[in-house]
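I have placed the structure first, in the form of structure tokens, so that the comments after it can refer back to it.
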Amino acid sequence: MQTLYAIGEWIHQESERIITQWLYNPNTTKIFKKYNIGHQKFSKKFAVGIVAHLVDVVQERKKMQDCPSMNKFVDFMLQKEIRADEIYSICTILRITVFNHLLDAHPEIRHDCTSILAMLKIFDTNLAGVIKNFSNASYELYINKQKEIDNLKNLAYKDTLTGLNNLRRFEELIEQKLKSLPNNNIKILMLSLKGFSEYSKRHSQQESDNIIQNVAQIIQQEYPLDSARIGSSQFALLSDTLSLETSTKLIDKIDATLTANPDTQHIKSNAALILLHDKDSSESIIERGEILLNTIQKSTQTAIIDEKIFDEKEEKRLEEQNRFLSLMKHYKEDKKTIPVTSYYMEIPLQSSAKIIDITENNITISIRKISAISLQPNDGIYITMPKKPDIKAYVKSIDIEKNYVILEQFQAVETSPLDRRYIHVQLKDPIEILIKSQKTQIPEMLHTVSITTFVVYVHHLYDIDINSELTMQVQLHEKEEEFLGKVDKIIPIDSKFKLIIHLKKTPAVQESLVPFISNRQLQIIQKLQEKISYV
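The sequence shown begins at 29 in the numbering used here and counts up one residue at a time.
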């Protein structure tokens, strides 16, 4: 999806779902209920026409301001004596709904800055037109209600839920600071709440709003003027006092508040510290921040990333990549193969890969059919080097017919799954496991095993910490077995915690776990062989 025309086509195809999500959003429903507006009547009379007109605008067949359905909508709302901020909310919810579904369906659009900015401009123009029409039409009706007009102006720059600046105002603040470069030392901190999306699916709107308000209050206490809410669970602030140390203190303070409540302890704040450059714009800065935050989301160890340090690491990675690709050119000339290992459900699949082609940033290799079948784009793949470090790369694309795989994003790794002494297997379906610590019993699900390790995802840690001694009861065959272990790692992932538990050598390991792993390994290989037969 690279063009506005394609986005418009997608909106047209998804219009029914977009309208449903827009009109049945809790905030929209609240406004409709207040003014006794029926969802179906509103949909037929206004929403269908508004979305259809949006498609025409996106595909450049019409202008945003010339929307009959939107004008009728404003007139209808005036008759209902709806407040200006409520019209603002309804329009904003439509924008949020379209963007949320678009980015969920086509995450690649995040990198298409031109299309995103064009879409934002369309919605901003629409909102400005609605507000203008509303102001003109309501002048006589609201001549004695100047306070509400003032509130409308304020809403253009304030987030209604938190009282912080909104994205538009924050972009203006950035542009103001950019004009004074290089005479200032301004930095920007972008912050997101990892795990909030999962939390909001399981809790009420009010409970979710409370979390956003609590986080906003902490940020506002520290940075009262130049802070903003720029997304559902995303915040930003700019200051000349920002550093990695002060930013870490802020996210530690936020995390301490979240951890204090067992229901929110899985939510963690991630942050990116961004530098301003002479040729920057507000859009380019926020785009870089999004990229850095996405990098942190994929990480299991980093909570905050400094753009300067990140750039240094990326520069180092590119140097490593260039050295590796240069070496691969010699391998190709000498017709040498490279030992490549991919993982399917934790089972290592090794290939002696032939080098087909090498470009500036990619390498195309030919691997075993069973390995090619098992891979998906963005999967990690490991290349064993004659000497440490080994190389990790990511799958860009796969040609199943030729068994060709194009690899990209090469980086040297000192430790990797290649170092495992024992086979790990992912279970076909997670198995119930009862975890017992000193004070707590937790019924959870077992996902991955080896003869030395259990991998379990838990919703709450309770008294579990690194090196906690655990007793675990699980039924691998017909008989329930007891295993003993110690927590080796705790990794926050979305709404849960991933526990890596190192098992102690007990009779249950040899008598029950080893045969179970062998059988599961055979099942996985058979499944792959069936895929090959099908292809």
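Using N, Cα and C, we set each Cβ at its ideal position, and we do this for glycine too. Note that the coordinates shown come from a computational prediction; the quantities given were computed from them, not determined experimentally.
| Item | Value |
| --- | --- |
| LEU131 beta carbon less than 9 Å from that of ARG138 | yes |
| Beta-carbon spacing of SER117, ILE59 below 9 Å | yes |
| Span separating the alpha-carbon of LEU257 from that of LYS555 | Just to set this straight, residue 257 is Arg in the shown sequence, not Leu. Using only the alpha carbons, I get a separation of about 47 Å. |
| LEU106 in three-state terms, based on DSSP | helix |
| For HIS358, the three-state DSSP class (helix, strand or coil) | helix |
| 9 Å Cβ cutoff met for ILE39 and VAL76 | no |
| Whole-angstrom distance between ALA299 and PRO96, CA atom to CA atom | 43 Å |
| Residues bridged to ALA299 (per DSSP) | LEU219, ILE332 |
| The region 454 to 461 in contact with the region 423 to 431 per 3-pair CB rule at 8 Å | no |
| Residue burial classification, ASP447 (beta-carbon count within 10 angstroms, cutoff 16) | exposed |
| Cross-strand partners of PRO367 (DSSP beta bridge) | SER380 |
| Coarse secondary structure for PRO520, derived from DSSP in three states | strand |
| Which of helix, strand or coil DSSP assigns to HIS81 | helix |
| Element boundaries [alpha helix (DSSP H), containing ILE393] | Counting along the chain, ILE393 falls outside any alpha helix (DSSP H), though it belongs to the beta strand (DSSP E) covering 391 to 394. |
| Nearest residue (CA-CA) to HIS231, options THR292, ASP187, GLU44 | THR292 |
| Residue span of the beta strand (DSSP E) that contains HIS475, given as start and end | 469 to 477 |
| For SER425, the first and last residue of its enclosing beta strand (DSSP E) | 418 to 427 |
| Through-space distance from ASP237 to ILE383, alpha-carbon basis | 53 Å |
| Among LYS416, PRO252, LYS296, SER402, nearest to ILE375 - alpha-carbon criterion | SER402 |
| Per DSSP, the bridge partner or partners of ASP385 | THR392 |
| Counted within 10 angstroms of its Cβ, other Cβ atoms place GLY568 as buried (16 or more) or exposed | The question about residue 568 has no answer, for the chain in this structure spans 29 to 563. |
| 9 Å Cβ cutoff met for PHE511 and VAL486 | no |
| Beta-carbon gap between PHE438 and ILE461 smaller than 9 Å | no |
| Anticipated Cβ contact below 8 Å, ILE202 with ILE313, distance rounded | 6 Å |
| Beta-carbon separation (whole angstroms), VAL542 vs ILE479, contact threshold 8 Å | 6 Å |
| Opening and closing residue of the beta strand (DSSP E) in which ASP447 lies | From DSSP, ASP447 is part of no beta strand (DSSP E); its letter is neither H nor E. |
| Whole-number beta carbon distance between ALA440 and PRO417, since they are thought to touch under 8 Å | 4 Å |
| Option nearest LYS186 by Cα separation, candidates PRO405, SER379, ALA244, ILE239 | ALA244 |
| Distance, PHE224 Cα to LEU527 Cα | 20 Å |
| Same chain, Cβ closer than 7 Å to GLN248, neighbours up to 5 away in sequence not counted | LEU192, SER255 |
| Unbroken beta strand (DSSP E) run spanning LYS456, endpoints | 453 to 464 |
| Residues bridged to ALA264 (per DSSP) | MET218, ALA256 |
| Sheet register partners of PHE511 (DSSP bridge) | MET500 |
| Pairwise C-alpha distance: LYS464 and GLN311 | Looking at the sequence shown, residue 311 is not Gln but Glu. C-alpha separation (whole angstroms): 50 Å. |
| Counted within 10 angstroms of its Cβ, other Cβ atoms place HIS305 as buried (16 or more) or exposed | exposed |
| Separation of ASP308 from LEU32, as counted between CA atoms | 25 Å |
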